[in-house]
Amino acid sequence: MAEIRIQRKKPSLSPWVLVALAALALTLGAYWYLRPAPADEPALPATTAVPDAAPGVPADSLAAAPAVAPDSSSTRGRLLGLVAQLSDLADRPDLRDDATVREQRDNLTSATARLADGETRASLRPGLVAAANLLRAVQQKAYPALDEQAARLVQQAGQLSGRDGTAAEQQQTHQFLHAAAALLQAENVPPTA
Amino acid sequence: MEPAANLRRLRDLPDFEVADGHPDVRGWAVRGAAGTVLGTVQELLVDPIAQQVRYLDAQLDAPAPKRVLLPLRLASLDAETSSVFVPALTEAAVLAYPAYAEELVTPAYTAGLRQALGEPL
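As you go down the protein sequences, you meet chains S and F in turn. Reminder that position 151 of the first sequence reads as 151 in the UniProt record's numbering, one-by-one numbering, no gaps. Reminder that position 101 of the second sequence reads as 101 in the UniProt record's numbering, one-by-one numbering, no gaps.
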């Protein structure tokens with residue numbers, strides 16, 4: 001004996017719900033594309049206090065403390081100070097037209113945008129890695145003699161956790177920043193022709 | 001006359017559909033006692049309270065064109081061949097079968113179809 005049952009149709013998604021979801025997606029998309037770029041935002045006060053990294057400046061002015069910022073005691077503050085100096089380095093006339101340097105400079109800006117915005121929970125790692133990559137790009141453009149030092153710095157960046165919660169992590173990050181400052185110091189010396 | 005049950009065409013119940021896991025036999029072939037195709041299922045007559053299909057509204061072409069209601073409980077379904085087998089449906093039964101004109105299913109109509117199929121009244 002055959003049996004066929006019937007059931008109430010399952011409620012389908014209202015067309016208005018679909019319209020609302022589409023509008024929400026469009027709004028989010030528009031916000032994403034039209035939001036101000038980090039480069040358009042006002043510079044942090046910290047960057048105004050950063051020493052000039054132009055060629056010719058005595059190298060010892062950039063020694064071990066890369067960040068001269070109000071918060072220069074913290075890893076975040078030191079990284080932001082380093083970012084400012086690296087930006088100046090990347091804007092140097094003999095480097096700024098190099099595509100790789102420009103790309104790595106943009107990467108660094110993007111990677112540290114959240115830190116610059118004051119987001120305390122943002123990871124430090126993208127900024128540290130991007131800083132190493134920019135120093136590496138500058139080295140490859142103009143400082144072949146620093147190849148080993150730059151490669152080591154990139155490797156060192158890759159091993160960072162991006163946190164500085166423990167003493168070990170702080171030590172590791174400190175060593176990286178110290179090595180980055182040393183390489184920056186070397187790259188601030190105009191290349192020999 | 002009163003309808004035999006609260007039967008409705010499924011197409012007239014926009015809030016209902018054939019339940020998941022059950023075949024929608026509309027369009028399936030109707031085969032009689034000899035296994036030959038006698039017609040096609042056109043519509044389902046359902047009891048919306050019991051949520052069951054009660055009758056198949058079929059258009060028979062052989063041995064003579066006739067619109068009939070077939071009680072589902074007397075049918076067997078074969079999904080592989082998309083066929084509804086009604087063993088009690090002989091040529092003689094089709095000829096004796098009361099025609100269905102999409103009117104209400106009255107007790108007189110159900111008595112007529114039972115008689116044609118040799119079922120007890």
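A virtual CB, placed ideally from N, CA and C, is assigned to each residue, including glycine.
Taking the beta carbon of residue i as the centre, do at least 16 other beta carbons fall within 10 Å, making it buried, or is it exposed?
{"i": "residue 33 of chain S", "result": "exposed"}
{"i": "residue 11 of chain F", "result": "exposed"}
{"i": "residue 188 of chain S", "result": "buried"}
{"i": "residue 151 of chain F", "result": "In the structure as shown, chain F starts at 1 and stops at 121, and residue 151 of chain F therefore has no counterpart that could be examined."}
{"i": "residue 31 of chain S", "result": "exposed"}
{"i": "residue 153 of chain S", "result": "buried"}
{"i": "residue 137 of chain S", "result": "buried"}
{"i": "residue 16 of chain S", "result": "exposed"}
{"i": "residue 155 of chain S", "result": "exposed"}
With DSSP run on the structure shown, which of helix, strand or coil describes residue i?
{"i": "residue 119 of chain F", "result": "coil"}
{"i": "residue 20 of chain S", "result": "helix"}
{"i": "residue 93 of chain F", "result": "helix"}
{"i": "residue 17 of chain F", "result": "strand"}
{"i": "residue 57 of chain F", "result": "strand"}
{"i": "residue 163 of chain S", "result": "coil"}
{"i": "residue 169 of chain S", "result": "helix"}
{"i": "residue 106 of chain F", "result": "coil"}
{"i": "residue 119 of chain S", "result": "coil"}
{"i": "residue 169 of chain F", "result": "Here chain F has residues from 1 to 121 only, and residue 169 of chain F is not among them."}
{"i": "residue 5 of chain S", "result": "strand"}
{"i": "residue 26 of chain F", "result": "coil"}
{"i": "residue 8 of chain F", "result": "strand"}
{"i": "residue 192 of chain S", "result": "coil"}
{"i": "residue 114 of chain S", "result": "helix"}
{"i": "residue 100 of chain F", "result": "coil"}
{"i": "residue 95 of chain S", "result": "coil"}
{"i": "residue 88 of chain F", "result": "coil"}
{"i": "residue 35 of chain S", "result": "coil"}
{"i": "residue 15 of chain S", "result": "helix"}
{"i": "residue 34 of chain F", "result": "coil"}
{"i": "residue 25 of chain S", "result": "helix"}
{"i": "residue 62 of chain F", "result": "coil"}
Show which residues of chain S have a CB atom less than 8 angstroms away from the CB atom of residue i.
{"i": "residue 26 of chain F", "result": "Near residue 26 of chain F there are no residues of chain S at all, since even the closest Cβ is about 10 angstroms away, more than 8 angstroms."}
{"i": "residue 98 of chain F", "result": "Result: empty, since nearest Cβ-Cβ is about 21 angstroms, beyond 8 angstroms."}
{"i": "residue 23 of chain F", "result": "4"}
For a contact meaning CB atoms closer than 8 angstroms, what does residue i contact in chain F?
{"i": "residue 2 of chain S", "result": "72, 73, 75, 76, 77 and 84"}
So the beta strand (DSSP E) residue i belongs to, where does it begin and stop?
{"i": "residue 70 of chain F", "result": "66 to 71"}
{"i": "residue 51 of chain F", "result": "Counting along the chain, residue 51 of chain F falls outside any beta strand (DSSP E), and DSSP gives it neither H nor E."}
{"i": "residue 29 of chain F", "result": "29 to 31"}
{"i": "residue 78 of chain F", "result": "76 to 78"}
With residue i as the anchor, note down where its alpha helix (DSSP H) starts and where it stops.
{"i": "residue 87 of chain S", "result": "75 to 90"}
{"i": "residue 101 of chain S", "result": "99 to 111"}
{"i": "residue 84 of chain F", "result": "Per DSSP, residue 84 of chain F belongs to no alpha helix (DSSP H); it is in the beta strand (DSSP E), 83 to 85."}
{"i": "residue 136 of chain S", "result": "125 to 142"}
{"i": "residue 152 of chain S", "result": "147 to 158"}
Would residue i count as contacting chain C if we go by Cβ distances under 7 angstroms?
{"i": "residue 35 of chain S", "result": "Absent from the structure is chain C; the protein chains it does hold are S and F."}
Selection of the stretch 42 to 54 of chain F by Cβ proximity to chain S, strictly under 8 angstroms
44, 46, 48, 51, 52 and 53
Using a Cβ cut-off of 9 angstroms, which residues of the stretch 4 to 20 of chain F contact any Cβ in chain S, in chain order?
10, 13, 14, 15, 16, 17, 18, 19 and 20
Going along the stretch 1 to 35 of chain S in order, which residues come within less than 8 angstroms of chain F, judged by CB to CB distance?
1, 2, 3, 4, 5, 6, 7, 8 and 9
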